[in-house]
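Asks: Residue numbers (this note's numbering): 40 to 708. Just passing along the structure, written as structure tokens.
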């Protein structure tokens, strides 16, 4: 019986065999990690071709060596035939880059493996695990964590007769997960038949598409409908070899994908942009948006992918897509969200932790969006599901180390001898299934709202019940909008056009506990940073509308005293002037939970959170009964007087110390 190693692999297990090959090539041929993987994939294609076509030329005799002419000729000939068979994945110029000795080593390691039987043994699983360890391409653009993939599939719940496509399939993670879902839930289904008729993938990167294809070949012994192509092309120009359809638009029941985000660069080709509604500028029109005739100079690819995914779906088809949080909340993307809601029902939104993609090279904040294309049989168009994932089941670092559930004694919990992953995807899936049955859900991590309550936002925190209840209760108490009780200054100061010295106030110049500007910098207007914007006057109140601290206890708010009259502040503030209520009460309110929770609810942006001018103006200000307000004003007034008295005492002490110091110096001389 084979003995397990410390890592759970047997001494000559399939996974161990793949690792031995990788390590040998990495050590002996001077190839990069990526190049090693590319060569292994080439050889796996050769091996699979040899098996399927019963050529029986993939072997290395004990009396041969890497320098043997017959061996080299035999394997080279196999590769030429393989390239011809899989011409969409190889160029005619492609060659094996391994040294003859390394090629001999790899062939000798793999010659006894039978991929035709891989669905019945451990070879397929071994290659999957091997890829998980090594196929982490630059900046993670091709990979989605398995827990996210499996969760999306559990929410979408594929059925036997449904066709599934991923237009940015990478190494096929979503497609494999969907296949495994079918295998678990429909045990009598012919896997080969299902893959041929129901699984489709498009991947623009040739190396990555090779990996996806060989994974399916090894795992299912079936050639998948995966093509190397740009899925943002016109759909009638994209052809699957196994498909008889001339146009794949409106053809799929399910789309599951994690498209390349905008950080990869914008699409700038006018010809491509003009094919998309979202490749045009959208203008604000009454309460909505209308598409103009002006083609954009550039558009981030993930926005175009949203439209293309909806184009691929049949009426009533379902979409699960990973998107950056800005698409759910930023005011600049209002037009996108209106476009989405015009073409599809919003089924659900699931907020992911910031560390989700760190093991894959990026700290981008993202959420999952689930849609159903309109004009088909609706799943549940009266409710929208919201959920938040807190426990991923792995550490949010570059290694992505698994995290296991522990008991009260700190020991890992075992179920049937297996460690239990500490995650809450399972709970979220349970909540969603409960919603489908009961048409309502409210748990510790999930909730639902009526679809008619959706406005221009789609983000989880905006619709969080505690936040919505706060706004509802404030309205019941006849709270007034901030923009109705004070002028909000948001135009640049004329002083900026003059060549003169001014005091400049930044966010960091505020002492939040005492509503006080404690510092400023004297600069020429020509030396001011571009964010320098507004002139402040004695009696103004400035409060932050941008920065990581907005909506928190460190939110910056200050009263402008005579000392800072005519200073210039950053555009990270908004200036409140001509307040119709007592300025002491307004200052108090701007540090209350009622204000801060609204700011946190409205704020958008991943890198630098901010609140839009409209949302800022709409923040509700509760005006209590006059006696309560008078008490607050009196307390605030006393605190300001005490602060001023304290400052005067400190200034007097400082002056006395300076006088004594000067007197001492005179005596010494």
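Glycine included, every Cβ here is placed at the ideal spot set by N, Cα and C.
In angstroms with no decimal places, state the Cα-to-Cα distance between residue 257 and residue 363.
Replies: 33 Å
Asks: Out of curiosity, what's the CA-to-CA distance linking residue 339 and residue 372?
Replies: For residue 339 and residue 372, the distance between alpha carbons rounds to 12 Å.
Asks: Between residue 618 and residue 624, what straight-line distance do the alpha-carbon atoms span, to the nearest angstrom?
Replies: Distance from the CA atom of residue 618 to the CA atom of residue 624, rounded to whole angstroms, is 10 Å.
Asks: As an exercise, report each continuous alpha helix (DSSP H) stretch of at least 4 residues that is fully enclosed by the segment 444 to 492, in chain order.
Replies: 464 to 477
Asks: Specify the secondary structure class of residue 616 as computed by DSSP and reduced to three states.
Replies: strand
Asks: Can we say the segment 593 to 610 touches the segment 534 to 551, given the rule of at least three CB pairs closer than 8 Å?
Replies: Judged by Cβ distances under 8 Å, the segment 593 to 610 makes contact with the segment 534 to 551, as three or more pairs qualify.
Asks: For residue 461 and residue 235, what's the separation of their Cα atoms in angstroms?
Replies: 36 Å
Asks: Return the Cβ separation of residue 499 and residue 427 in integer angstroms, given the expectation that the two are a contact with Cβ distance under 8 Å.
Replies: 6 Å
Asks: Residue 501 lies in the alpha helix (DSSP H); which residues open and close that run?
Replies: 499 to 502
Asks: In this structure, does DSSP put residue 422 in helix, strand or coil?
Replies: strand
Asks: Measuring straight from C-alpha to C-alpha, what distance separates residue 314 and residue 64?
Replies: 45 Å
Asks: Just the C-alpha distance for residue 493 and residue 326, rounded to the nearest angstrom, thanks.
Replies: 14 Å
Asks: What is the C-beta distance between residue 62 and residue 141, in whole angstroms, given that I count them as a contact (C-beta under 8 Å)?
Replies: A Cβ-Cβ separation of about 11 Å leaves residue 62 out of contact with residue 141 under the 8 Å criterion.
Asks: In whole angstroms, give me the CA-to-CA distance for residue 93 and residue 115.
Replies: Answer to the nearest angstrom: the Cα atoms are 17 Å apart.
Asks: Considering only their Cβ atoms, is the gap separating residue 574 from residue 532 smaller than 8 Å?
Replies: yes
Asks: Quick one: is residue 637 buried, meaning 16 or more other Cβ sit within 10 Å of its Cβ, or exposed?
Replies: buried
Asks: Any heavy atom of the ligand NAP inside 7 Å of the beta-carbon of residue 136?
Replies: The model depicted lacks the ligand NAP and carries no ligand whatsoever.
Asks: Quick check on this structure: which residue in 653, 272 and 231 has the alpha carbon closest to the alpha carbon of residue 261?
Replies: Of the candidates 653, 272 and 231, the one whose C-alpha sits nearest the C-alpha of residue 261 is 231.
Asks: For a quick check, are the C-beta atoms of residue 599 and residue 564 less than 8 Å apart?
Replies: no
Asks: Residue 180 to residue 265, Cα distance in whole Å?
Replies: At residue 180 the pLDDT is 48, less than 50, meaning the model places this residue with poor confidence and gives no usable figure here.
Asks: Within a Cβ cutoff of 8 Å, which residues of the same chain sit near residue 417, ignoring the five residues on either side of it in sequence?
Replies: The residues are 355, 384 and 411.
Asks: Secondary structure at residue 441, three-state DSSP: helix, strand or coil?
Replies: strand
Asks: Kindly list the residues whose CB is nearer than 8 Å to the CB of residue 656, restricted to its own chain and excluding five residues on each side of it in sequence; keep chain order.
Replies: 520, 521, 522 and 527
Asks: Nearest by alpha-carbon distance to residue 59: which of 136, 147, 73 and 684 is it?
Replies: Nearest option by C-alpha distance: 147.
Asks: Here's a check: name, in chain order, each residue in its chain whose Cβ is nearer than 6 Å to the Cβ of residue 177, leaving out the five neighbours to either side.
Replies: For residue 177, the predicted structure reports a pLDDT of 44, less than 50, and the residue's modelled location is therefore unreliable. A value from the coordinates is still provided. Result list for residue 177: empty, nothing under 6 Å.
Asks: Check residue 244 in the structure and name its three-state DSSP category.
Replies: Here residue 244 sits in coil by DSSP.
Asks: Thinking just about the alpha-carbon of each residue, which of 391, 75 and 54 is nearest to the one in residue 744?
Replies: Nothing about residue 744 can be read from this structure; the chain reaches only from 40 to 708.
Asks: Unbroken alpha helix (DSSP H) runs of length 4 or more, entirely within the segment 186 to 258: which are they?
Replies: 212 to 224 and 230 to 237
Asks: Assign residue 550 to buried or exposed, taking buried as 16 or more other Cβ atoms, counted over all protein chains shown, within 10 Å of its Cβ.
Replies: exposed
Asks: Let me make sure I understand the geometry here. Which of 621, 589 and 406 has the alpha-carbon closest to that of residue 632?
Replies: Here the closest residue by C-alpha is 589.
Asks: Does residue 392 come out as helix, strand or coil in the three-state DSSP assignment?
Replies: In the structure shown, residue 392 sits in coil (DSSP, three-state: anything other than H, G, I, E or B).
Asks: Looking at C-alpha atoms only, which residue of 537, 529, 560 and 592 is the closest neighbour of residue 581?
Replies: 529
Asks: Can you tell me the Cβ-Cβ gap for residue 239 and residue 202, rounded? I've got them flagged as a contact below 8 Å.
Replies: Confirmed, Cβ separation roughly 7 Å.
Asks: In angstroms, rounded to a whole number, what distance separates the CA positions of residue 515 and residue 670?
Replies: 23 Å
Asks: Should residue 131 be labelled buried (16 or more other beta-carbon atoms within 10 Å of its own) or exposed?
Replies: exposed
Asks: Using the beta-carbon count (16 or more within 10 Å), is residue 208 buried or exposed?
Replies: buried
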